[in-house]
Amino acid sequence: MLEIVLLMIALVGSSLAALFDLKTTEIPDEIPYAMMIVGIIAHVIKSFLVLSYWPFLLSVIVGLSFLGFGFLMYYIGQWGGGDAKILSAMGFLIPVLPPQIKTSLMFPLPLSFFFNVFLVGAFYMIVYAVVLSMIERNIWLEFVKDLRANTKMIMIFNLSMVAFIVLLVSIFANYYLLPVNDMIIFIVTMLLVSVGFFILWKFVKTVEKVGFKKRILVSKLRVGDVPDFYKIWEGVTEKEIEKIKKSGKKYIWIKSGVRFAPAFPLALLFTLYFGDGISLLIGLRSTLKYLGIRH
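According to the working numbering, the stretch in the sequence shown is residues 1 to 295, in order.
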C-alpha cells in the first residue's frame with residue numbers, strides 16, 4: 001500500500017510541476033523538495049518495518065543517480081534546474097515498481113522510466129521542431145554548424161551516458177539477477193538510442209536558438225525570463241533585473257524553449273501502462289525485419 005501512495009505522490013507532484021512549467025516556465029523548488037523528503041522518510045520507515053536497510057539505500061541510490069544525471073544536463077545547458085530536481089524526486093519516491101502494479105517490465109523501474117522520459121519527451125519535441133524547421137529553413141544550416149562546433153560536448157555526453165548506464169546496470173544486476181544477454185542488449189541499445197536522442201536534442205536546441213528568441217525592452221523583463229547570454233537555463237531574479245536595468249541597456253535578447261517537465265508524468269504513465277519503450281522499439285525492429293524477410 002505504501003508503494004502505491006508513493007507512486008501517486010510521484011504522479012501528482014510531477015504533474016503539478018509540469019503545470020507550473022507550462023504556465024510560468026518555472027518549477028517551484030517546494031515541489032521537488034517535498035517529494036524528495038517524503039520519499040526518503042517513507043523508505044526509512046519501510047526499512048524499519050521490513051528490518052532491512054535495502055529500501056532506504058535503493059531510494060538514495062536511485063535518487064542521487066538521477067540527481068547527478070539531471071544536473072549534468074543542467075550544467076551543459078540542456079535542462080532547467082527544476083527538471084533535474086523532479087527527475088531526482090521521482091527516483092527517491094519510486095525506486096522499485098509497486099508489487100500491486102502488474103505491468104511487465106524488461107528492466108527495473110528506474111531504468112525503464114529513465115529511458116521512457118527521453119522517448120516520450122522526444123515525441124512531442126519532434127513535432128513542433130520539424131514544423132518550425134520547415135518554416136525557418138536556416139535552422140538546418142545552424143544545426144549542422146552547431147554539431148561541428150560541439151563535437152567535444154557530444155563525446156563527453158556519450159562517455160557520461162556509458163558510465164551512468166553501466167553504474168545502474170551493475171547495481172541492479174546483483175539485486176534483480178538480470179541475465180547477461182539482457183544486460184548487454186540494454187547497454188548497447190540504450191547507448192545508441194541516447195546518442196540519437198542527444199543529437200535530436202541538439203536539433204531542438206537549434207530550433208530554440210533560431211526560432212525562440214526575441215528582443216524586448218529591458219523595462220519589460222520579468223522574473224523567470226532567460227537572457228540569451230545565460231549558458232545555464234535559469235530565469236532572472238528581481239536582483240538580476242535591477243542590475244540589468246542599472247547597466248544602461250535599453251534592449252535585451254531573451255530565449256524561450258520546450259517546457260520539458262510534462263515529459264516526467266507522461267513517461268511515468270507510459271511506463272505503467274505500456275512498459276519499456278526500449279522493448280517496444282526492439283519489438284518493432286523485429287517485426288519490420290520479419291516483414292522484410294516475408295517480402
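C-beta atoms are modelled at their ideal positions from N, C-alpha and C, and glycine is treated no differently.
Next item on the list: List the endpoints of the continuous beta strand (DSSP E) containing K213.
Entry: 213-217
Check: Relative to the alpha-carbon of D83, which residue among L119, E234, W54 has its alpha-carbon at the smallest distance?
Finding: E234
Notebook entry, point to check: For P95, which of helix, strand or coil comes out of DSSP?
Noted result: coil
Notebook entry, point to check: Are there 16 or more other CB atoms within 10 angstroms of the CB of A261, so buried, or fewer, so exposed?
Noted result: buried
Note to self: Buried or exposed for F118, going by 16 or more other Cβ atoms inside 10 Å?
What the structure shows: buried
Item checked: Span of the beta strand (DSSP E) around Y251 -> 251-255
Notebook entry, point to check: Thinking C-beta only, is G68 closer than 8 Å to L87?
Noted result: no
Item checked: Residues of its chain near L22, where Cβ-Cβ distance is below 6 Å and the 5 sequence neighbours each way are ignored -> R259
Check: Alpha carbon to alpha carbon, what distance is there between I278 and G292?
Finding: Low confidence applies to G292: its pLDDT is 49, below 50, so where it sits in the model is not reliable, and the reading given next is rough at best. When rounded, the distance between both Cα atoms is 21 Å.
Note to self: For F66, which residues in the same chain have their Cβ closer than 6 Å to its Cβ, ignoring the five residues on either side in sequence?
What the structure shows: L87, S88, G91
Check: What residues in its chain sit with their C-beta under 8 Å from that of L269, if we drop five residues either side in the sequence?
Finding: L11
Margin query: Buried or exposed, going by whether 16 or more other CB atoms sit within 10 Å of the CB of A42?
Written below: buried
Item checked: Simplified DSSP state of V5, which is helix, strand or coil -> helix
Note to self: Can you tell me whether W79 is helix, strand or coil according to DSSP?
What the structure shows: coil
Next item on the list: If I'm right that S112 touches G275 with Cβ under 8 Å, what's the distance once you round it to whole angstroms?
Entry: 7 Å
Next item on the list: List the endpoints of the continuous alpha helix (DSSP H) containing W140.
Entry: 138-149
Note to self: Quick check on the DSSP output: the alpha helix (DSSP H) that includes M35 runs from which residue to which?
What the structure shows: 30-50
Checklist line | Backbone CA spacing between L64 and K250 [nearest angstrom] | finding: 43 Å
Next item on the list: Measure the C-alpha to C-alpha separation of P55 and M161 and round it to an integer number of angstroms.
Entry: 25 Å
Item checked: Close-in-space but distant-in-sequence residues of the same chain around I94 (CB under 7 Å, 5 per side omitted) -> L6, L7, A10, L109
Item checked: Three-state secondary structure assigned by DSSP to P334 -> Here the chain has residues from 1 to 295 only, and residue 334 is not among them.
Next item on the list: Can you tell me which of K243, I156, K213 puts its alpha carbon nearest to the alpha carbon of L191?
Entry: I156
Checklist line | Cβ separation of G211 and L132, assumed to be a contact under 8 Å, to the nearest whole Å | finding: 5 Å
Check: Taking the C-alpha atoms as reference points, what is the distance between F20 and L51?
Finding: 39 Å
Notebook entry, point to check: Are the Cβ atoms of K202 and L147 separated by less than 8 Å?
Noted result: yes
Check: Should K243 and V218 be called a contact, given that it needs their Cβ atoms to be closer than 8 Å?
Finding: no
Check: Can you tell me whether P28 is buried or exposed, with buried defined as 16 or more other CB within 10 angstroms of its CB?
Finding: exposed
Notebook entry, point to check: Does DSSP put V258 in a helix, a strand or coil?
Noted result: coil
Check: Buried or exposed: K85, going by 16 or more other Cβ atoms within 10 Å of its Cβ?
Finding: buried
Next item on the list: Have a look at the DSSP bridge pairing and note the partners of P227.
Entry: I254
Checklist line | Where the alpha helix (DSSP H) through L272 begins and ends | finding: 263-274
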